[in-house]
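Input: a single structure, listed below in structure tokens.
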Amino acid sequence: MKETMIATWKMAYDGIHKGMQVLHEQGIQEAIVTAIQDVEQREEFVSVGKGGLPNIAGQVQLDAAYMDGSTLNFGGVIEVENISSAIEVAASLCGKHCNCLLAGSGAEAYAQTNGFAFANNLTKASKKRYEKAKKDVDLKAYDGHDTVCVLAGKGNDMAAGVSTSGLFLKHAGRVGDSPIIGSGFYSDAMAGSAAATGLGEDIMRGCLSIRVVDQMRCGVAVQDALIQVLDAHMQRMKQAGNHCDAISMIAMDVQGNCAAVTNLKEFPYVVAQDGKVTLMVAAYEDGKHRCFPADAAWLKQYQGD
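To convert, note that position 303 of the sequence shown is 302 in numbering that gives the first Met the number 0; the numbers rise steadily by one, no gaps.
Structure (structure tokens):
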């Protein structure tokens, strides 16, 4: 496979530029961590890392995970408040046979013991956003939430990484799909990689990431795998009498072919290959899916991260 990366949301564009350079010079884990850290450390991106979205108690609790597709090893952290880079700690746990998914104070104790940087992720801006939102009784939790997901491949190796602050005003202790293997992410270098962003509860109801990877394992093309899994899940949710909230996904097959799918009107994502980084858009309208490069007109009207 050529050196390839794909990431969710426009906010990952600069990070993917940096990640591709690291991918060329070093390895996949370093590249994914670099790309995600760029988003985590930039306060203008309010759903990941420093300055992330507070929960109902006014705390910024972060989740992150990393998976090595060659070994099937993974690591993750859940509900960490004071760690500077959640993805860095999650990636360091990958490779441990046991104790690879740590939560709360246990995860922070591990990070402190192993010399990882700590920081107060509740910035003035995130606190102000929280105080204003608490007064808005009509605000829905999903009115603020995006996970940065990054997939990378090089040679015969693949991996996946994710990081998020979760739903805005979520219940303290709530965990979404992002750090849950098989739901928020999955990578198998013999089949492919996939990751999801959206309402975690709805993603977990279908274990969507591993389902996409298993479709590719059976020979289904990457774009078709994404569409088939998401459409089937939405149909099943409808049969169960549940409304399927926002879900978007990215995937990469073992040849480095990349694709995305969404049930939103539009979902921007970033693809990098052959030294070129491209902002793409997945769209969904009237039951039909399509993807296209973002042009100047689209960028001008887009308001999100």
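Positions of the beta carbon are idealized from the N, C-alpha and C atoms, including for glycine.
Here ASP187 is actually not in contact with LYS1; their C-beta atoms are around 19 Å apart, not less than 8 Å. In the structure shown, ILE209 falls within a helical segment according to DSSP collapsed to helix, strand and coil. For LEU225, the uninterrupted alpha helix (DSSP H) run begins and ends at 221 to 238, by DSSP. By the Cβ neighbour-count rule, GLN36 is buried, with 16 or more other Cβ atoms within 10 Å of its own.
Residue environment for HIS232: buried (at least 16 other C-beta atoms within 10 angstroms of its C-beta). By the criterion of at least three beta-carbon pairs nearer than 8 Å, the segment 60 to 70 is in contact with the segment 183 to 198. Counting only the Cα atoms, ASN72 lies some 33 Å from ILE55. LYS131 and GLY57 have their alpha carbons spaced roughly 11 Å apart. When DSSP states are grouped into helix, strand and coil, ILE15 belongs to the helix group. In the structure shown, ARG216 falls within a helical segment according to DSSP collapsed to helix, strand and coil.
Within the same chain, and ignoring the five residues on either side of MET203 in sequence, the residues whose Cβ sits closer than 7 Å to its Cβ are ASP176, ILE179, SER182. According to the DSSP secondary-structure assignment, TYR283 is paired through a beta bridge with HIS288.
Setting aside the 5 residues that flank it on each side, ALA190 is surrounded in the same chain by VAL212, MET215, ARG216, each with a C-beta closer than 6 Å to its C-beta; the list follows chain order. The beta-carbon separation of ARG173 and GLY160, rounded to 21 Å, does not stay under the 8 Å limit for a contact.
For LYS153, DSSP records a beta bridge to ASP156.
Contact between the segment 107 to 114 and the segment 27 to 45 is absent, with fewer than three C-beta pairs closer than 8 Å. DSSP places SER162 in the strand class (E or B) of the three-state scheme. Pairing LEU207 with VAL260, the inter-Cα distance amounts to about 12 Å.
Using a Cβ distance threshold of 8 Å, ALA102 and GLN28 do not count as a contacting pair. Looking only at LEU225, ALA282, GLU107, GLY74, the smallest Cα-Cα distance to CYS97 is reached by GLY74.
SER247 and ALA195 have their C-alpha atoms roughly 6 Å apart.
Per DSSP, GLN300 is not a residue of any beta strand (DSSP E); the alpha helix (DSSP H) it occupies stretches across 295 to 300. Within the same chain, and ignoring the five residues on either side of LEU229 in sequence, the residues whose Cβ sits closer than 6 Å to its Cβ are VAL260.
Close CB contacts of ALA271 within its chain, under the 6 Å cut and outside five residues either way in sequence, are with MET4, ILE15, MET19 (chain order).
When the Cα atoms are used, ALA296 and ALA6 turn out to be separated by approximately 22 Å.
Residue state for GLN20 is assigned as helix, using DSSP reduced to three classes.
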